[in-house]
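Taking it in order: structure first as structure tokens, then the write-up.
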Amino acid sequence: MLPATNSEKITERPIVNEILIFVNIGIFVVTYFFPWVILPNATSINDIIEFFGITPYYIINGERLWTIFTAMFIHTDIVHVLGNMLFLYIFGDSIEIALGKVKYLLFYFLSGTGAALFYVTSITLVHVPETSSIISQMNNPWLIPAVGASGAISGVLGAYIMLYPSSMVKTLTLWFWAPVVINFPAIIFIVIWFIYQLVLAVLTTFSAVYTGIAFWAHVGGFLTGIAVIPFFARKKFIKAF
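Counting along the sequence shown from 1, when you hit position 59 you're at 59 in full-length UniProt numbering, and nothing is skipped either side.
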């Protein structure tokens, strides 16, 4: 089930959200096809991910803290970036209207930072760092870099259900392989999404199964968005609280 549009009217152009989408897609194209432009000596996007991604081992030791920011703009493949940008396009516009351009940008990065710290914390609380062998380095979540805008966008989703609890979202799904558009309450759609992220975060953590997805970052970004949105929203939107 994919979101297609929401019921909120856009009263002004969401320039910041458009720029974020453009920059994310642009960086993906460059890092995927011309990685050496971003990082000299890089031969593939894997080198970009390794250098700019959030690696828990470094963060917990106070190293490469700048990757908390850079990781928000790096994506692994076309599905990753387009999926994230779809959610940002559908829900980000309304949040920018509610916050204003500058506050929206600050909120976006704060949500991404909260997501990163939540993810790193989840790794440190559950996994023991074993870095003495090549095998342990290949399978140790402490040394696996996390990338993507999904943590920040999760914060946008958290803000959306707080500011627009009665909003509707059109979703595209398949019914016996035929595309069907369903009008769905946004709050239910997002809550289901969050529960899915939380369940998978718990299951993958305690089953030691590596999925390649930082579910705890999604959970952390979502909760950060909910926690800080009252301090960012314009007065007429704060009434909803």
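Backbone N, C-alpha and C define an ideal beta-carbon position, used for all residues, glycine too.
Since the structure is predicted, the reported quantities are computational estimates derived from the model, not experimental observations.
State the Cα-Cα distance for the pair residue i and residue j, rounded to the nearest angstrom.
i	j	result
ALA217	ALA178	33 angstroms
THR121	PHE28	27 angstroms
LEU106	PHE176	43 angstroms
SER44	ILE192	36 angstroms
ILE54	PHE215	14 angstroms
LEU172	ILE182	6 angstroms
ARG234	ASN41	46 angstroms
VAL79	GLY62	32 angstroms
TYR58	LEU65	8 angstroms
TYR196	PRO145	22 angstroms
LEU163	ILE213	28 angstroms
PHE237	SER166	13 angstroms
LEU20	ASP47	23 angstroms
ILE49	GLU12	35 angstroms
ASN140	PRO56	10 angstroms
ILE15	LEU174	33 angstroms
ALA186	PHE194	12 angstroms
Report, in whole angstroms, the separation of the C-beta atoms of residue i and residue j, which I expect to be a contact under 8 angstroms.
i	j	result
THR5	ILE60	About 41 angstroms; that fails the 8 angstroms criterion.
VAL126	THR204	Not really, about 10 angstroms apart at Cβ, beyond 8 angstroms.
ILE95	THR31	About 26 angstroms; that fails the 8 angstroms criterion.
GLY158	PHE222	4 angstroms
GLY220	PHE52	Contact flag wrong, Cβ pair sits at about 19 angstroms.
Considering only DSSP beta bridges, list what residue i is partnered with.
i	result
ASN6	VAL169
ILE54	ALA146
PHE184	VAL169
Taking CB distances under 7 angstroms as the criterion, tell me whether residue i reaches chain B.
i	result
ILE90	Absent here is chain B; the protein component of the structure consists of one chain.
Is there contact between the region 193 to 208 and the region 96 to 109, where contact requires at least three CB pairs shorter than 8 angstroms?
The region 193 to 208 vs the region 96 to 109: no contact.
Entirely enclosed alpha helix (DSSP H) segments - the region 105 to 182, minimum 4 residues
Runs of the alpha helix (DSSP H) lying entirely within the region 105 to 182 and spanning at least 4 residues, in chain order: 134 to 139, 150 to 163.
Does the count of Cβ pairs from the region 69 to 77 and the region 109 to 124 closer than 8 angstroms reach three?
Yes, the region 69 to 77 touches the region 109 to 124.
Should the region 79 to 90 be called in touch with the region 223 to 231, which here means at least 3 C-beta pairs below 8 angstroms?
Put simply, the region 79 to 90 does not touch the region 223 to 231. Fewer than three CB pairs are less than 8 angstroms apart.
Would you check if there are 3 or more beta carbon pairs closer than 8 angstroms linking the region 75 to 86 to the region 16 to 27?
At 8 angstroms Cβ cutoff, the stretches touch.
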